[in-house]
Amino acid sequence: MANTIVLGMQWGDEGKGKIVDLICPVFDAVARYQGGHNAGHTVKFGDQHFALHFLPSGILHAGMSCVLGNGMVIAPEAFFKELEEIEAAGVDTTGRIFVSNRAHIILPTHALLDQAREETRGETKIGTTARGIGPAYETRSARSGLRACDLAGPDLDERLRIQHRQIAPQLADLGGEQAPRPSSLAKLCAEWAERLQPYLCDTALLLNQWIDKRRRVLFEGAQGALLDIDHGTFPYVTSSNSTAGGALTGTGVPPRRIGGVLGVIKAYVTRVGGGPFVTELEDEVGEHLRDRGNEVGTTTGRPRRCGWFDAVAARYATMLNGVSALALTKIDVLDELDEIKICIGYEYQGEVHRDFPAELPVLSDAVPVYRTMPGWKQPTAGVLEVDALPQEARDYIAVLEEEIGAPIGLVSTGPRREETILVDRKEMRKVLSGRLQEVVEHRNSA
Numbered sequence: 003m004a005n006t007i008v009l010g011m012q013w014g015d016e017g018k019g020k021i022v023d024l025i026c027p028v029f030d031a032v033a034r035y036q037g038g039h040n041a042g043h044t045v046k047f048g049d050q051h052f053a054l055h056f057l058p059s060g061i062l063h064a065g066m067s068c069v070l071g072n073g074m075v076i077a078p079e080a081f082f083k084e085l086e087e088i089e090a091a092g093v094d095t096t097g098r099i100f101v102s103n104r105a106h107i108i109l110p111t112h113a114l115l116d117q118a119r120e121e122t123r124g125e126t127k128i129g130t131t132a133r134g135i136g137p138a139y140e141t142r143s144a145r146s147g148l149r150a151c152d153l154a155g156p157d158l159d160e161r162l163r164i165q166h167r168q169i170a171p172q173l174a175d176l177g178g179e180q181a182p183r184p185s186s187l188a189k190l191c192a193e194w195a196e197r198l199q200p201y202l203c204d205t206a207l208l209l210n211q212w213i214d215k216r217r218r219v220l221f222e223g224a225q226g227a228l229l230d231i232d233h234g235t236f237p238y239v240t241s242s243n244s245t246a247g248g249a250l251t252g253t254g255v256p257p258r259r260i261g262g263v264l265g266v267i268k269a270y271v272t273r274v275g276g277g278p279f280v281t282e283l284e285d286e287v288g289e290h291l292r293d294r295g296n297e298v299g300t301t302t303g304r305p306r307r308c309g310w311f312d313a314v315a316a317r318y319a320t321m322l323n324g325v326s327a328l329a330l331t332k333i334d335v336l337d338e339l340d341e342i343k344i345c346i347g348y349e350y351q352g353e354v355h356r357d358f359p360a361e362l363p364v365l366s367d368a369v370p371v372y373r374t375m376p377g378w379k380q381p382t383a384g385v386l387e388v389d390a391l392p393q394e395a396r397d398y399i400a401v402l403e404e405e406i407g408a409p410i411g412l413v414s415t416g417p418r419r420e421e422t423i424l425v426d427r428k429e430m431r432k433v434l435s436g437r438l439q440e441v442v443e444h445r446n447s448a
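Each number in my numbering comes from the position in the sequence shown (counting from 1) with 2 added on.
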């Protein structure tokens with residue numbers, strides 16, 4: 003089966019955008035399946051730098067079809083703005099973007115509620131982007147949400163009144179802004195319905211028809227596995243399923259049509275916002291990683307928290323997602339360090355855990371158990387072959403594979419497409435449907 007899921011294995015910001023940009027030419031379409039404009043992919047394409055929030059990275063490749071699946075939540079104004087920006091940069095999107103008519107809509111009231119809640123949390127802030135994603139998923143679960151196909155529906159006014167009755171009292175209790183009247187939202191929804199109409203379709207039907215015709219689909223995840231609403235570091239998580247299962251429910255494509263999963267891991271770990279972070283470095287090493295890795299959020303602009311690689315969390319994410327192979331990014335950020343540490347266990351109340359715990363107190367108070375390795379103190383930026391890496395870097399990769407229990411088939415040595423090592427191994431050939439050489443040629447053509 004020629005269809006592959008690409009997803010992050012940590013708390014997001016692993017470099018998925020670059021990986022999708024690199025491998026998508028061997029696919030015919032790219033589909034996003036969860037989240038909203040709380041996600042952010044940074045892609046360097048030619049001489050241009052793109053920060054994408056809604057659209058899959060495949061939009062930058064001429065002729066690539068791009069799908070926004072039913073598992074997403076759509077803020078129409080932000081969607082239109084992103085379209086305008088990439089079209090102004092010379093990207094032709096005509097006939098290439100398909101938005102699920104079942105995707106739920108983020109209303110201004112959702113964003114107001116999100117902001118009001120976050121402001122009242124004080125020290126217990128989740129770190130949400132406050133763009134309304136969580137409340138939009140809440141109204142979906144409460145069965146009072148608006149789908150894209152409902153924006154021009156005959157019962158729109160009643161649906162908006164129901165949402166107003168649910169959200170307005172919450173905003174008042176939180177001291178937030180007054181909720182817009184349903185009548186003003188109805189006018190806005192009518193405008194959105196007209197502008198969205200050219201993009202809307204039954205994307206579940208479309209994707210399955212494409213697969214029937216042997217078109218290859220790449221499923222692009224947002225955020226990371228440790229932010230999954232069910233399996234992440236709850237409650238410091240996103241509002242959707244960012245693990246591989248979300249690719250199925252978020253697009254309507256069944257499990258038997260998926261051929262492989264490529265998990266993306268950074269050579270160290272970062273996190274934005276609140277929540278436990280066992281290997282966090284609040285010292286000069288953490289600052290070095292932040293500065294050298296340019297660790298600032300694509301969506302939020304906030305500095306990312308940085309720490310050593312966490313193999314406990316990576317093993318857990320590998321299990322959850324049924325990973326076929328791994329893509330390791332930003333190894334070049336470690337080039338100047340004298341020694342490098344890998345967390346292989348969590349010590350809590352005298353006991354060492356090798357499996358990722360669910361309990362927040364354990365994650366908050368655990369002490370990392372490290373395996374220390376020598377740094378390589380040589381530049382790796384732009385290296386294209388594994389054998390050209392310093393021996394210490396190769397040893398580091400080997401230990402990561404051993405601790406995680408999955409093979410690394412791709413190593414990113416810089417932000418650009420051409421700064422990538424592709425390893426010829428059967429697991430990578432599987433996720434690329436046997437077309438590894440085409441990806442190598444694409445890399446070399448940059």
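C-beta: ideal position from N, C-alpha, C; glycine also.
Under 8 angstroms by Cβ, that's how I've got residue i and residue j pegged, so tell me the actual separation to the nearest angstrom.
i, j, result
"leucine 24", "threonine 422", "6 angstroms"
"valine 22", "leucine 228", "20 angstroms between Cβ atoms; not a contact."
"leucine 322", "alanine 408", "The Cβ separation is near 12 angstroms, so there is no contact."
"proline 237", "isoleucine 99", "Between isoleucine 99 and proline 237 the Cβ distance is about 33 angstroms, and since that is not below 8 angstroms, they are no contact."
"asparagine 72", "arginine 104", "4 angstroms"
"alanine 150", "leucine 202", "6 angstroms"
"aspartate 426", "arginine 218", "Their Cβ separation, rounded to whole angstroms, is 20 angstroms, which puts aspartate 426 and arginine 218 out of contact at 8 angstroms."
"alanine 4", "glycine 261", "6 angstroms"
"proline 78", "leucine 198", "6 angstroms"
Measuring alpha carbon to alpha carbon, tell me which residue in the options is nearest residue i.
i, options, result
"cysteine 26", "Thr96, Cys68, Pro381", "Cys68"
"glutamate 140", "Glu121, Lys20, Ala80, Thr111", "Thr111"
"glutamine 351", "Gly124, Val364, Glu86, Val388", "Val364"
"leucine 162", "Arg145, Gly177, Ala174", "Arg145"
"alanine 80", "Met66, Gly65, Ile107", "Ile107"
"tryptophan 212", "Ala319, Gly303, Glu193, Met66", "Met66"
"threonine 96", "Arg123, Ala316, Leu62", "Leu62"
"glycine 411", "Pro184, Glu87, Val325, Thr374", "Val325"
"valine 314", "Pro370, Ser186, Thr126", "Pro370"
"arginine 373", "Asp397, Leu434, Asp157, Leu386", "Asp397"
"glutamate 87", "Phe56, Leu70, Ala64", "Phe56"
"proline 171", "Glu404, Leu114, Arg123, Asp159", "Leu114"
"glycine 303", "Lys215, Ala174, Gly288, Gly275", "Gly275"
"threonine 382", "Lys215, Ala246, Gly416", "Gly416"
"isoleucine 344", "His355, Lys20, Val401", "Val401"
Buried or exposed for residue i, going by 16 or more other Cβ atoms inside 10 Å?
i, result
"glutamine 117", "buried"
"aspartate 293", "exposed"
"histidine 51", "exposed"
"glutamate 1", "A query on residue 1 cannot be resolved here, the shown segment of the chain reaching from 3 to 448 and no further."
"phenylalanine 358", "buried"
"glutamine 36", "buried"
"glutamine 439", "exposed"
"glutamate 84", "buried"
"glutamate 286", "exposed"
"glutamine 393", "exposed"
"valine 28", "buried"
"alanine 316", "buried"
"aspartate 389", "exposed"
Within a Cβ cutoff of 8 angstroms, which residues of the same chain sit near residue i, ignoring the five residues on either side of it in sequence?
i, result
"tyrosine 270", "Leu291, Gly295, Cys308, Gly309, Trp310, Phe311, Lys332, Val335, Leu336"
"leucine 173", "Thr111, Leu114, Leu115, Ala118, Glu179, Gln180, Ala181"
Considering only DSSP beta bridges, list what residue i is partnered with.
i, result
"methionine 74", "Gly37"
"valine 464", "With the chain covering only 3 through 448, there is no way to say anything about residue 464."
"cysteine 151", "Bridge partners of cysteine 151: none, in fact."
"isoleucine 267", "Leu330"
"arginine 259", "None, per the DSSP bridge assignment."
"histidine 355", "Tyr348"
"leucine 307", "According to the sequence displayed, residue 307 carries arginine and not leucine. In the DSSP output, where bridge partners are listed per residue, arginine 307 has Arg273."
"isoleucine 99", "Cys68"
Given residue i, which residues of its chain have a CB within under 6 angstroms of its CB, disregarding the five upstream and five downstream residues?
i, result
"proline 379", "Note that residue 379 is lysine in the sequence shown here, rather than proline. So the list is empty, once near-sequence residues are dropped."
"glycine 377", "Leu339, Asp340, Glu341, Ile342"
"glutamate 222", "Val8, Val22, Val32, Arg34, Pro58"
"alanine 368", "Val280, Tyr348, Tyr350"
"threonine 272", "Asp15, Glu297, Arg306, Cys308"
"alanine 138", "Val75, His106, Ile108, His112"
Strictly under 8 angstroms for the Cβ-Cβ distance: is residue i near chain C by that measure?
i, result
"leucine 114", "As a matter of chain content, chain C is missing from the structure shown, which is built from one protein chain."
Looking only at its own chain, which residues have a Cβ that is under 7 angstroms from the Cβ of residue i, when we skip the five neighbours before and after it?
i, result
"glycine 226", "Gly10, Met11, Gln12, Trp13, Gly14, Glu16, Ser244"
"proline 257", "Leu250"
"valine 93", "Ile61, Leu62"
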